[in-house]
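Take the position in the sequence shown, starting the count at 1, then add 251; the result is the number in this note's numbering.
Yeah, the Cβ is synthetic: ideal placement off N, Cα and C, and Gly gets one too.
Everything on this sheet refers to the single structure shown next.
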Amino acid sequence: MDSDKEMLTIETEDGEVFEREILFTYEDEESKQKYVFIIEPEEGEEESILVLRYFDDGRLEEVESDEELDKLQEVLDAFLSEEDDESFDVVEE
């Protein structure tokens, strides 16, 4: 892994620990909710993006609302167009 990439260590409820690369973070101005977009490796060379809500105490929470996911997809698309990167889709876990 590239040492200048920011990594996030995640521990699941059943104790599994893994690291993922942080693509970017975002705070919604209206709701004040904070989100972290992480790169989720897939089979082969493809990757997808997972978005999680995060809290100041370090807790992470899945985003389940379709409306919220749609809004976050727009945020991701805007970020990627600024980065002139390929298109990713927000995935649900």
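Could you please give me the residues that DSSP links to residue i through a beta bridge?
| i | result |
| --- | --- |
| residue 313 | 303 |
| residue 259 | 271 |
Let me know if residue i comes out buried or exposed under the rule of 16 or more other beta-carbons within 10 Å of its beta-carbon.
| i | result |
| --- | --- |
| residue 302 | buried |
| residue 288 | buried |
Within the present structure, is the beta-carbon of residue i separated from the nearest heavy atom of the ligand GDP by less than 7 Å?
| i | result |
| --- | --- |
| residue 291 | With respect to the ligand GDP, the structure offers nothing, as it holds no ligand at all. |
Ordered list of beta strand (DSSP E) runs contained in the segment 261-304, each at least 3 residues
268-278, 285-292
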